[in-house]
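I have placed the structure first, in the form of structure tokens, so that the comments after it can refer back to it.
Residue numbers (the working numbering): 1 to 191.
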């Protein structure tokens with residue numbers, strides 16, 4: 001028979017509660033929960049929890065997550081037109097009669113972990129946007145690793161002109177919903 005003192009926490013519980021931070025423990029735990037969800041449910045890679053601003057090195061308003069999604073999350077409308085034109089040119093050059101192969105490289109994204117019951121204001125969102133770069137910094141070990149050709153390119157996307165975060169809203173039943181938020185006005189998509 002095992003006693004309560006002999007039991008160890010589950011690996012997931014250890015992961016979510018692990019890691020020290022200058023932020024409140026519940027905010028850091030939420031960030032780790034979102035990190036775990038992105039990695040295991042949505043197949044993101046190169047995930048990292050950030051507690052300090054890459055711009056000022058000051059603590060962020062709350063921990064943020066950054067990572068590389070398996071595919072591009074947002075394509076600017078003008079970039080979409082350019083990608084379609086390039087794909088059409090490539091199709092014609094190859095002599096193919098149908099099917100466009102549109103290639104948009106995945107980009108590192110900021111993720112803002114939140115709870116459904118939190119009240120967010122424009123001021124709170126502005127504090128987050130003011131503390132981040134346009135693109136999250138690469139992981140320290142990214143320079144040493146060999147990446148596939150389909151992987152992230154180091155050159156910045158010229159179409160990415162505003163800061164954006166993926167708002168990750170977790171509910172008490174552990175479901176997470178993701179929304180893309182931009183800092184400022186963005187040209188709307190054309191259907």
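Virtual Cβ for every residue (Gly too), placed ideally from N, Cα, C.
For residue 48, which three-state DSSP category applies?
As a working note, residue 48 is residue 48 in the chain shown. Note: residue 48 maps to strand in three-state DSSP.
Based on the DSSP secondary-structure assignment, which residues constitute the bridge partners of residue 178?
The residue labelled residue 178 in the question sits at position 178 within the chain shown. DSSP lists 168 as partners of residue 178.
May I ask you to check if the CB of residue 123 is nearer than 7 Å to at least one heavy atom of the ligand FAD?
Within the structure as shown, the ligand FAD is missing, as the structure has no ligands at all.
Can you list, in chain order, the residues of its chain with a C-beta nearer than 6 Å to that of residue 177? Leave out the 5 residues immediately preceding and following it.
Reading the chain shown from its first residue, position 177 is the one you call residue 177. Excluding residues within five positions, the ones whose Cβ falls inside 6 Å are 169.
Is it right to say residue 37 is buried, meaning 16 or more other beta carbons lie within 10 angstroms of its own, or is it exposed?
To locate residue 37, count along the chain shown from 1; it is residue 37. The residue is buried, with at least 16 neighbouring Cβ atoms inside 10 Å.
On the premise that residue 161 lies in contact with residue 183, defined as a C-beta separation below 8 Å, what is that separation, rounded to the nearest angstrom?
Taking the chain shown and counting its residues from 1, the one referred to as residue 183 is at position 183. Taking the chain shown and counting its residues from 1, the one referred to as residue 161 is at position 161. Not quite, the Cβ-Cβ distance comes to about 10 Å (not below 8 Å), so this is no contact.
Please list the terminal residues of the continuous beta strand (DSSP E) segment that includes residue 62.
Walking along the chain shown from the start, residue 62 turns up at place 62. It spans 59–68 - the beta strand (DSSP E) in which residue 62 sits, taken as one unbroken run.
If we call anything under 8 Å between Cβ atoms a contact, is residue 67 one with residue 109?
Stepping through the chain shown from its first residue, residue 67 is reached at position 67. Stepping through the chain shown from its first residue, residue 109 is reached at position 109. Yes, the pair counts as a contact, with Cβ atoms nearer than the cut-off.
Could you tell me whether the region 59–77 touches the region 26–44, where touching means 3 or more Cβ pairs closer than 8 Å?
yes
For my contact list, residue 156 and residue 135 are in at a C-beta cut-off of 8 Å; report their separation, rounded to the angstrom.
Residue numbering aside, residue 156 sits at position 156 when the chain shown is read from its first letter. Residue numbering aside, residue 135 sits at position 135 when the chain shown is read from its first letter. Contact holds; Cβ gap of about 6 Å.
Nearest-angstrom Cα distance between residue 186 and residue 7?
Start at 1 with the first residue of the chain shown, and residue 186 comes out as number 186. Start at 1 with the first residue of the chain shown, and residue 7 comes out as number 7. Distance between the alpha carbons of residue 186 and residue 7: 52 Å.
In three-state terms, what does DSSP make of residue 111?
What you label residue 111 is simply residue 111 of the chain shown in a count that begins at 1. Residue 111 falls in the strand class under three-state DSSP.
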